[in-house]
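Asker: Using my numbering, read the sequence shown as starting at 92 and increasing by one per residue.
Just passing along the structure, written as C-alpha cells.
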Amino acid sequence: MAPVLARPAPPTQLAAVLVGGAMLTGLAMGLVVGCRPSSPAPGAPATGAEVIVAADGVLCDLTRTLAQTAATVVCLVPPGEDPHGLRLTPEQRQQLARARRVYITGYGLTPQLATWPGARPVAELAVPHSPLLDPERQVRDPHVWHDPKQSQAMVTWLAQDLAAALPLQAAAIARRAHTMDGLLGELDQWNRVQLATIPAGPSGQPPVLASGHRGFASLARAYGLRELALVDGMSSSLSLRPQSVSKALQWLQQQHVRQLFSETIPPARALQRLSTLSGIAIAPKAVVVDGLAQADPSLPATAIANTCVISEGLGGRCDQKAAEGIASRWRVIR
C-alpha cells in the first residue's frame, strides 16, 4: 500500500474545495457593546455560572477566548495530550452531564465523544469541506485549524452558538470574535509569506511535508505543500513491516524529501528507523499536530511555532519575530 500523499487541488478545483475565510459580518451588527467584565489572567479558566465543555485544546482556546468570564469553560484534553485517546473520568462525565454546551471538533478527533448526547461537532458544522483523507469512506481531516481560514470559520460558528447560549454576553462575544477573526487573517498572511520561501522540488513540484501520521492535510492544501504520511500510509499500526519500510524508502527518494517531521522528541521508533535507513534527518523540534503547544497554549502561538519548524526544515526561512504581535494580541483579548 502506498503512502498517503495529499496534493494541492488543481486551480480549476480550488473553488470547489477551499474553505474561504468566514468573515464575521452579521454577528456584530446591531449589537451594543457593553462594559467589559473583569477577566482572568491569560490561560486561567473562565468562572461564570454556566458550564461549557470544550473537548480538545484548540476548541478550548477558542471557546475560552470568546466566553471569558461569562462561563466556566471545562477543557477535557490538556495541551500536549492526544485527543484521539481521550478516556473520560467520572468527574469529566459529571461535567459533561451538567454542561450548557458540549463542543467537540468532530471528524473523529475525539472518538469517545462522537456519540455524546448533544455534542456539537464544530469543525464538521463550520468546515464541511475539510480535506478528504479517504474518499471511499468520506473520511475528512479533523485538524482543520492548521488552516487559519478554517479557524475563522470555527470562530464564526462558535461565536454565534455561544451568543445564543449566553444572550446577555452576545455583544462582548461578537466584539471578541471580530478581533480573533482579524488576527487569524494576519496569521494566514504571515504563514503564506514564510512557507513561500521553501524551495520547490524537482521540475517545480510542491515541497513535501513528510511525517509519521496525517495531521497537516489542511495546512498542505492551504499553502501548496504535499503531505506524505509515512506510517499511516504503510500500516494500520505504529510499526512498519519490512516490505513497508522498503516502499517508504522508495517514496522518500522519489519525492525528494528534505526532512522528516515528528510529533515527539525523541521521535517514534518507526519514524526514527526510516530516518536512519534513508539518511534523511528528523527536524530537531517537534511539530504539534493534535492540539496546542505546552509552552504557549494558544492557537496562534502553536501555529507560528509549527510554521517555523516546517519552513526552516524544508530549506525556507521564518521571521518569527514578525508574528509575535499576533500571539501577544490574542492573549490579551478581553
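Cβ atoms here follow ideal geometry from the backbone N, Cα and C, with glycine treated the same way.
Could you please give the first and the last residue of the uninterrupted alpha helix (DSSP H) stretch that includes Y198?
Answerer: Element bounds for Y198: n/a, residue is neither H nor E.
Asker: Identify the continuous beta strand (DSSP E) that holds R317 and give its terminal residues.
Answerer: Here the beta strand (DSSP E) through R317 covers R317 to A320.
Asker: What is the rounded straight-line gap between the Cα of I289 and the Cα of Q251?
Answerer: Going from the Cα of I289 to the Cα of Q251 covers about 38 Å.
Asker: For P239 versus G199, is the C-beta spacing smaller than 8 Å?
Answerer: Against a cut-off of 8 Å, the Cβ pair of G199 and P239 comes out as no contact.
Asker: I want to see whether chain D comes within less than 8 Å of E215, judged by CB atoms only; does it?
Answerer: Annotation note: the requested chain D is absent from the structure, which comprises a single protein chain.
Asker: Which of the three DSSP states, helix, strand or coil, is assigned to V165?
Answerer: The answer is strand: DSSP assigns V165 an E or B state.
Asker: Please name the residue or residues paired with F352 in a DSSP beta bridge.
Answerer: BP columns for F352 point to S302.
Asker: Exposed or buried, T206, counting other C-beta atoms within 10 Å across all chains shown (16 or more means buried)?
Answerer: When all chains shown are included, T206 counts as exposed.
Asker: Are S402 and A374 close, meaning C-beta to C-beta below 8 Å?
Answerer: Going by C-beta atoms, S402 is not nearer than 8 Å to A374.
Asker: Ends of the beta strand (DSSP E) at D225?
Answerer: Here the beta strand (DSSP E) through D225 covers L223 to D225.
Asker: Under a three-way DSSP split, which group does A145 fall into?
Answerer: Strand, per DSSP.
Asker: Could you have a look at L395 and say whether DSSP puts it in helix, strand or coil?
Answerer: The displayed chain sequence assigns Ile, not Leu, to residue 395. Looking at I395 - three-state DSSP - the assignment turns out to be helix.
Asker: Using 8 Å as the threshold, is the C-beta distance between L300 and R317 below it?
Answerer: Result yes, Cβ atoms of L300 and R317 sit closer than 8 Å.
Asker: Which class does P388 belong to by DSSP, given the choice of helix, strand or coil?
Answerer: Here P388 sits in coil by DSSP.
Asker: Considering just the uninterrupted stretch of the alpha helix (DSSP H) at W281, what are its terminal residues?
Answerer: A261 to L286 is the extent of the alpha helix (DSSP H) around W281.
Asker: The alpha helix (DSSP H) spanning W248 covers which residue range?
Answerer: From DSSP, the alpha helix (DSSP H) with W248 extends over P239 to A256.
Asker: Do I417 and L310 have their CB atoms nearer than 8 Å?
Answerer: No. Outside cutoff.
Asker: Could you check which residue in A254, V379, R266 and I195 has the C-alpha nearest to that of R211?
Answerer: Checking every option, the nearest Cα to that of R211 belongs to I195.
Asker: Looking at the unbroken alpha helix (DSSP H) that takes in V213, where does it start and where does it end?
Answerer: V213 to A217 is the span of the alpha helix (DSSP H), which, as asked, contains V213.
Asker: Beta carbon of R312, beta carbon of P222: below 8 Å?
Answerer: Yes.
Asker: Is it buried or exposed for R155, if we count other Cβ within 10 angstroms and need 16 for buried?
Answerer: Answer is buried; the Cβ neighbour count reaches 16.
Asker: Look at the alpha carbon of G134 and the alpha carbon of R192, and state the distance between them as a whole number of angstroms.
Answerer: Only weak support exists for where G134 lies, its pLDDT of 40 falling under 50; the value from the coordinates is given anyway. If I take the Cα positions, the gap works out to 20 Å.
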